[in-house]
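To start, the structure itself, in structure tokens.
Numbering (UniProt numbering), first residue to last: 1 to 591.
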């Protein structure tokens, strides 16, 4: 159902943004705003601002901004209707409901349709697993030691041997080929009809942090290829913003999250009591995954396969996790390949002990480097010592670097003073090299910045005047008859100006959070949030403030008049505009 502006605004006004965001992010009051660490990018100093007066948030670091709806859409990956429903329930409001007819169903939010299809598919796969047709899949899971309780907990299922089975099932539920074509569940061919993405596979429903099915993974039965198949990305499913098992791990009382390689590793870990295990979804580990983990923990333990490919994956993941501000350790699974085999071989208690003794990520990197050299050969050993020194030189914090120099010195029998000298050498030369390498890209970036700055300078007066009017609404009365919405000709500023002037005329107040209700595009919301949160650096002296205001108003009006002159060939209109421009010299507005 599509709700009117009045209902949307009532929901927004009954959910204080500070109260909402403080349930996700620790906030501290500073002046009239509240500040905390931004949940949308990694930072050490708080630049994430939440304003109760404006009923909006804005990050001065990454530019994320919006109102209560935007926050839930960004943080929880909600669609707008889902955010509206959640906030209505939070405020104790009952939204009007009505039966959806076929036309309304077509117009329903695409994400909601995808979620419904995924939910139906997950239930169908679960049903098949426990039917006669799913005996092969159930036998596989039982052979792997998976219990009925775990199968139910993770909603595991089975896709039948027929490659149009799910297609026919979803068609029977009223979904058309048009609905299904972008679902990632089936492929639609105009001549051959629909065929399933998954068939003859044990199915692993992938859920978001709110326990909603957003995609699937499938393990083939027999020798088919590929062994594991994952849903393609949809408007609902972004592999870089989700982790398998995070919906359960987020509620774990453990102080760390264990990052595994695959579905079965996570399932085995959870069954053994390690409910803090998650896995990437058949894709390379990304900075998005790191930022996502940072929301729920400060510590990550890597539990990848102990083979060469697993070790390479660990080395790729370490810098990404550290960049996200996480403390990283590495689990030693030898003599077994993966957590599943380890638990079967030595049991949960032994794994708990290994977790307790997990190696720091840095010492793991040194260990991998050491494995590439023959420590009994003087020349090879010297090469390793140089590589270890290069690694140590990357540690910026002096005390941490000193402690690791001592640890590497003890572990690999290198003289501490000799190693420290080598580290200092690479620290200095490495810095100089980095500086040289950065010269060309910086010059290129500078050229781009100059071009962008010129373009932005043209728009700046409109932006500054709107910001000033938001911060000091009495300006609407002062500028009546002088400045109107059409003087803000830049598209996004024009739209905001129309809403602001209308809001002030009707309510004699400016409520930025309410303005943001009108924008569904997240990029537009960020730009407008920046507009509403810009700090004007103006002298406190009255005469200086008057001069600054008059200068900005003249610039906006002059630019507006020039735009109008460029848009008309009417000579009489030109003469009127020229007179209007000349009269700006006499303009004086006093605050």
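In this text, a Cβ means the ideal position worked out from N, Cα and C, and glycines have one as well.
Since the structure is predicted, the reported quantities are computational estimates derived from the model, not experimental observations.
Reference residue i, options the options, closest by Cα
i	options	result
residue 529	381, 470 and 119	470
residue 237	252, 217 and 145	217
residue 59	337, 567 and 533	533
residue 506	495, 531 and 476	476
residue 154	480, 126 and 140	126
residue 264	332, 338, 222 and 122	338
residue 329	479, 260 and 119	260
residue 262	251, 252 and 282	282
residue 235	113, 413 and 488	113
residue 356	256, 405, 414 and 397	256
residue 460	557, 404, 166 and 353	557
residue 164	143, 177, 199 and 173	199
residue 348	387, 275 and 40	275
residue 336	322, 320, 116 and 354	354
residue 562	86, 258 and 486	486
residue 253	277, 266, 230 and 491	277
residue 467	552, 304, 204 and 72	552
residue 297	286, 258 and 305	258
residue 458	493, 304 and 344	493
residue 358	386, 303, 396 and 564	303
residue 35	23, 49 and 24	49
CB contact check: residue i to chain C, cutoff 8 Å
i	result
residue 139	No chain C is part of this structure, which consists of one protein chain only.
Buried versus exposed call for residue i [16 or more other C-beta atoms within 10 Å across all chains shown]
i	result
residue 74	buried
residue 242	buried
residue 289	buried
residue 245	buried
residue 573	exposed
residue 432	Here residue 432 scores only 38 on pLDDT, less than 50, and its place in the model is too uncertain to base an answer on.
residue 291	buried
residue 100	Caution applies to residue 100, whose pLDDT of 47 falls short of 50 and renders its modelled position unreliable; the value that the coordinates give is listed next. Exposed is the call here.
residue 239	buried
residue 151	buried
residue 70	buried
residue 578	exposed
residue 482	exposed
residue 566	exposed
residue 522	exposed
residue 320	buried
residue 19	exposed
residue 183	buried
residue 26	exposed
residue 77	buried
residue 82	buried
residue 225	exposed
residue 251	exposed
residue 560	buried
residue 669	The chain is shown only over 1 to 591; residue 669 falls outside these bounds and no answer can be derived.
residue 279	buried
residue 212	buried
Those residues which DSSP pairs with residue i across a bridge
i	result
residue 219	202 and 228
residue 267	In the DSSP output, where bridge partners are listed per residue, residue 267 has none listed.
residue 329	301 and 360
residue 257	300
residue 56	51
residue 213	207
residue 355	Note: residue 355 sits in no beta bridge, so no partner.
residue 560	Per DSSP, none; premise fails for residue 560.
residue 33	30 and 51
residue 195	187
residue 244	279
Cβ-Cβ separation, residue j to residue i (assumed contact under 8 Å), whole Å
i	j	result
residue 531	residue 463	6 Å
residue 45	residue 38	Not quite, the Cβ-Cβ distance comes to about 10 Å (not below 8 Å), so this is no contact.
residue 419	residue 409	5 Å
residue 186	residue 197	6 Å
residue 65	residue 526	5 Å
residue 331	residue 301	5 Å
residue 370	residue 412	6 Å
residue 368	residue 315	6 Å
residue 554	residue 591	Not really, about 15 Å apart at Cβ, beyond 8 Å.
residue 121	residue 166	6 Å
residue 285	residue 317	5 Å
How about the stretch 152 to 170 and the stretch 121 to 138: do they share at least three Cβ pairs that are nearer than 8 Å?
Contact between the stretch 152 to 170 and the stretch 121 to 138 is present, because at least three Cβ pairs lie under 8 Å.
Whether or not the stretch 507 to 524 and the stretch 47 to 65 are in contact is what I'm after, with contact meaning three or more pairs of Cβ atoms, one per stretch, closer than 8 Å; do they touch?
Cβ pair count under 8 Å is three or more, so yes.
The stretch 137 to 154 contacting the stretch 267 to 282, beta-carbon criterion three pairs below 8 Å
Yes: the two stretches touch, three or more of their Cβ pairs being nearer than 8 Å.
Check whether the stretch 4 to 16 and the stretch 30 to 40 touch, using three or more Cβ-Cβ pairs below 8 Å as the test.
Output reads no: the stretch 30 to 40 does not touch the stretch 4 to 16.
May I ask you to verify whether the stretch 311 to 331 touches the stretch 378 to 386, counting CB pairs closer than 8 Å and requiring at least 3?
In this structure the stretch 311 to 331 does not lie against the stretch 378 to 386, because fewer than three pairs of beta carbons, one per stretch, are closer than 8 Å.
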